[in-house]
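There are 2 protein chains.
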Amino acid sequence: MPPLTRARIVAAAIELIEREGADAISMRRIAADLGVGVMSLYNHVPSKAALLDAVAEGVLSQIAFTDDPAAEWTERVRIQARAFRQIAHHYPRSTMLVVSRQLRSPAGLPPVERALATLREAGFGGAEAVQILRTFIAYIVGSLLREVGVAPSFAPPQRADVHPAAADPTLFPQVAELAPLLEEVDHEKAFEFGLDMMIKAIEVRLAGTCAARGAERGGARG
Amino acid sequence: MPPLTRARIVAAAIELIEREGADAISMRRIAADLGVGVMSLYNHVPSKAALLDAVAEGVLSQIAFTDDPAAEWTERVRIQARAFRQIAHHYPRSTMLVVSRQLRSPAGLPPVERALATLREAGFGGAEAVQILRTFIAYIVGSLLREVGVAPSFAPPQRADVHPAAADPTLFPQVAELAPLLEEVDHEKAFEFGLDMMIKAIEVRLAGTCAARGAERGGARG
DNA sequence: GTTGACGTACGTACAGTGTACGTGTCACTC
DNA sequence: GAGTGACACGTACACTGTACGTACGTCAAC
Chain A
1 MPPLTRARIV
11 AAAIELIERE
21 GADAISMRRI
31 AADLGVGVMS
41 LYNHVPSKAA
51 LLDAVAEGVL
61 SQIAFTDDPA
71 AEWTERVRIQ
81 ARAFRQIAHH
91 YPRSTMLVVS
101 RQLRSPAGLP
111 PVERALATLR
121 EAGFGGAEAV
131 QILRTFIAYI
141 VGSLLREVGV
151 APSFAPPQRA
161 DVHPAAADPT
171 LFPQVAELAP
181 LLEEVDHEKA
191 FEFGLDMMIK
201 AIEVRLAGTC
211 AARGAERGGA
221 RG
Chain B
1 MPPLTRARIV
11 AAAIELIERE
21 GADAISMRRI
31 AADLGVGVMS
41 LYNHVPSKAA
51 LLDAVAEGVL
61 SQIAFTDDPA
71 AEWTERVRIQ
81 ARAFRQIAHH
91 YPRSTMLVVS
101 RQLRSPAGLP
111 PVERALATLR
121 EAGFGGAEAV
131 QILRTFIAYI
141 VGSLLREVGV
151 APSFAPPQRA
161 DVHPAAADPT
171 LFPQVAELAP
181 LLEEVDHEKA
191 FEFGLDMMIK
201 AIEVRLAGTC
211 AARGAERGGA
221 RG
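Given below as structure tokens:
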């Protein structure tokens with residue numbers, strides 16, 4: 001049995017969260033999983049809150065960014081946004097921690113640095129780049145929250161949500177008519193739709209008005 | 001003393017959350033605030049989770065939507081988005097609950113209905129309207145999360161975040177250069193910036209690719 | 001070798017949590 | 001009266017985070 005260490009504790013916490021949900025986490029369960037006394041954890045971690053911060057940082061730092069400086073800047077933005085979203089697939093339960101608590105660690109700096117560099121190389125000014133980055137982060141975080149919110153804790157098969165189809169067609173005609181679309185949730189498609197929309201937005205922002213773009217091709221993506 | 005009722009319990013919970021933070025909430029504290037035994041609450045609320053759901057629903061239902069059908073549709077979208085964001089000002093601590101748990105109540109239907117109606121009147125198809133609405137919700141929720149995340153619980157004056165200014169300029173040149181902008185957080189301005197960006201995006205989307213509008217359904221996305 | 005300091009694993013203990021269960025007290029219907 | 005439900009309440013249990021004291025290493029100085 002290797003010696004107890006901060007990294008092992010964080011790893012056990014992540015595994016426990018992914019296995020049983022974020023609500024089921026407790027210092028005693030983690031200690032039991034490690035075959036160790038409860039208070040031994042406190043030799044490596046000052047508190048439970050600090051441990052959760054470490055979990056969030058650990059997850060965030062595992063984002064695999066593969067940047068291709070030769071690619072079109074719109075494609076680079078797309079890739080970075082998708083990379084961020086990947087954590088929702090690898091660590092769906094832990095993602096809630098990442099988005100819930102604001103990071104107070106330097107683990108978030110490399111993605112920020114890369115995003116800002118990409119935007120500035122695309123031609124945006126510093127202030128604009130910061131604002132655009134914030135907008136993208138808000139969108140991505142909001143998307144992740146919706147995705148992981150579908151299965152927040154143990155995910156019982158209670159698909160018995162409030163069905164839009166049950167909405168009164170006279171009170172909510174739009175909701176009633178579009179009920180099939182509202183019930184269908186293809187996270188992949190929804191995310192890509194929003195991403196396209198936002199990239200299109202900053203494209204026109206960069207190019208100025210619509211007329212100035214002339215006959216440029218309109219980014220048709222299959 | 002009026003009789004104990006579900007509405008009074010929810011109101012006390014909201015007040016307690018706003019006063020002492022979402023972490024400090026407990027059935028015993030709520031009961032004490034109401035001058036009532038703990039278990040009496042369970043005559044009106046099945047569980048703590050259900051109570052928190054009711055709190056989220058209560059906050060959400062208090063959004064003041066003022067729609068002006070005569071206004072330009074872009075302005076109507078703006079107003080609805082701002083109305084949603086208002087809850088972050090009235091109930092900053094409770095907002096985390098609203099965005100954290102997915103609503104399983106019909107309280108969220110009126111805003112959805114209104115938004116869909118606005119988008120369709122603007123000329124969008126049903127599928128497009130749903131996707132656009134989802135994208136906006138993701139952005140708004142992400143923005144709120146960042147705003148309320150600044151003061152998640154009791155908000156001790158620990159402004160000692162990881163200062164971007166402390167970033168190594170050789171490792172993180174962009175972060176170091178833009179540190180003043182990254183540290184400044186004007187939520188109002190940031191939100192309006194992103195909102196502008198997204199409305200611009202759907203404007204160009206509505207106008208087609210700056211040329212011929214397909215006038216056909218489909219939206220060109222598989 | 002002895003002594004001390006020190007880091008680490010551990011057990012106990014305490015205050016606090018959500019809530020299952022039983023008990024008491026009303027108002028109201030037979 | 002008896003019976004019925006709704007409701008406020010107290011007790012009890014399993015569980016939480018963690019402060020505190022204890023025990024057992026290893027290493028330095030003597």
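Protein sequence lines, in the order shown, are assigned to chains A and B.
Numbered according to full-length UniProt numbering, the first sequence spans residues 1 to 222.
Numbered according to full-length UniProt numbering, the second sequence spans residues 1 to 222.
We treat Cβ as the ideally placed atom computed from N, Cα and C, and that holds for glycine.
Rounded separation between B/Asp67 and A/Arg134 - CA only: Within the model, the alpha-carbon separation for B/Asp67 versus A/Arg134 is close to 28 angstroms.
Tell me where the alpha helix (DSSP H) around A/Gly58 begins and ends. First-last of the alpha helix (DSSP H) with A/Gly58: 48-60.
List, in chain order, every chain B residue whose beta-carbon is nearer than 7 angstroms to that of A/Tyr91. Those do not exist, as A/Tyr91 stays about 17 angstroms from chain B at its closest Cβ, beyond 7 angstroms.
I need the DSSP call for A/Ile63, collapsed to helix, strand or coil. The three-state secondary structure of A/Ile63, taken from DSSP, is coil.
Along the alpha helix (DSSP H) that carries B/Met198, what are the first and last residues, could you check? Annotation for B/Met198: the continuous alpha helix (DSSP H) segment containing it runs 187-206.
Exposed or buried, what is B/Pro164 when buried is set at 16 or more other beta-carbons lying within 10 Å of its beta-carbon? It is buried - the Cβ of B/Pro164 has at least 16 other Cβ atoms within 10 Å.
Taking the straight line between their C-alpha atoms, what separation do you get for A/Arg78 and B/Asp196? Their backbone Cα atoms lie some 20 angstroms apart in a straight line.
Is A/Gly126 near B/Glu183, with beta carbons less than 8 angstroms apart? No.
Determine whether the Cβ of A/Lys48 lies closer than 8 angstroms to any Cβ atom of chain B. Output row for A/Lys48: interface = no.
With 9 angstroms as the limit, tell me which residues of the UniProt domain "HTH tetR-type" (3-63) of chain A have their beta carbon closer than that to any beta carbon of chain B; keep them in chain order. Cβ contacts with chain B: none found.
When the Cβ atoms of the region 76-96 of chain A are set against those of the region 26-44 of chain A, are three or more pairs found closer than 8 angstroms? With a cut-off of 8 angstroms, the region 26-44 of chain A and the region 76-96 of chain A do not count as touching, because too few Cβ pairs lie within range.
Coil, strand or helix - A/Pro157 by DSSP: Only weak support exists for where A/Pro157 lies, its pLDDT of 36 falling under 50; the value from the coordinates is given anyway. Collapsing the DSSP output to three states places A/Pro157 in coil.
Please report the residue range of the alpha helix (DSSP H) in which A/Pro110 lies. If you look at A/Pro110, you'll find it in the alpha helix (DSSP H) that goes 109-122.
So is A/Ser94 in contact with chain B if we call contact Cβ pairs under 8 angstroms? Not one beta carbon of chain B lies nearer than 8 angstroms to the beta carbon of A/Ser94.
Given a limit of 8 angstroms on CB to CB distance, which residues of the region 110-132 of chain B reach chain A? For chain A, the residues of the region 110-132 of chain B that bring a beta carbon within less than 8 angstroms of one of its beta carbons are Pro110, Val112, Glu113, Leu116, Ala117, Arg120, Gly126, Ala127, Ala129, Val130, Gln131, Ile132, in chain order.
Name the chain A residues whose beta carbon is nearer than 8 angstroms to that of B/Glu177? Taking a Cβ-Cβ threshold of 8 angstroms, the residues of chain A close to B/Glu177 are Gly126, in chain order.
I want to see whether chain A comes within less than 8 angstroms of B/Ile87, judged by CB atoms only; does it? Any Cβ of chain A closer than 8 angstroms to the Cβ of B/Ile87 would place that residue at the interface, and such an atom is absent.
Less than 7 angstroms between C-beta atoms, sequence neighbours within five positions excluded: which residues of the same chain meet that for A/Ile202? Closer than 7 angstroms at Cβ, skipping near neighbours: Ile132.
By Cβ distance, which residues of its chain are closer than 8 angstroms to B/Phe154, with the 5 residues on each side in sequence left out? Because the pLDDT at B/Phe154 is just 37, under 50, the model does not fix this residue reliably, and the point stays unresolved.
Contact set for B/Tyr139: own chain, Cβ-Cβ below 7 angstroms, skip 5 residues either direction: The beta carbon of B/Tyr139 sits closer than 7 angstroms to those of Gly194, Met198, all from its chain and outside the five residues before and after it, given in chain order.
Below 9 angstroms on C-beta distance, what does A/Ala138 contact in chain B? Residues of chain B with a Cβ closer than 9 angstroms to the Cβ of A/Ala138 are, in chain order, Ala138, Tyr139, Ile140, Val141, Gly142, Ser143, Leu144, Leu145, Arg146, Ala190, Phe191, Gly194.
Nearest to B/Gln62 by CA position, among B/Val98, B/Ala115, B/Met27, is which residue? For B/Gln62, the nearest C-alpha among the options comes from B/Val98.
The alpha helix (DSSP H) that contains B/His90, what's its start and end? Going by DSSP, B/His90 is part of the alpha helix (DSSP H) stretching over 73-90.
Could you check the C-alpha separation between A/Pro110 and B/Thr118 for me, to the nearest Å? A direct Cα-to-Cα measurement between A/Pro110 and B/Thr118 gives close to 40 angstroms.
Where does B/Leu182 sit, in a helix, a strand or coil, going by DSSP? Residue state, collapsed to three classes: helix.
How is B/Pro173 classed by DSSP in three states: helix, strand or coil? B/Pro173 falls in the helix class under three-state DSSP.
Is any beta-carbon of chain B found at less than 8 angstroms from that of A/Phe172? Interface annotation, A/Phe172: in contact with chain B, CB-CB separation under 8 angstroms.
Going along chain A, which residues have a C-beta under 8 angstroms from B/Ser78? Per the sequence shown, residue 78 of chain B should be read as Arg rather than Ser. Neighbours of B/Arg78 on chain A: none; closest Cβ ~14 angstroms, over 8 angstroms.
Cβ-Cβ separation, A/Phe191 to A/Ser143 (assumed contact under 8 angstroms), whole Å: The pair is a contact, with the Cβ atoms about 5 angstroms apart (cut-off 8 angstroms).
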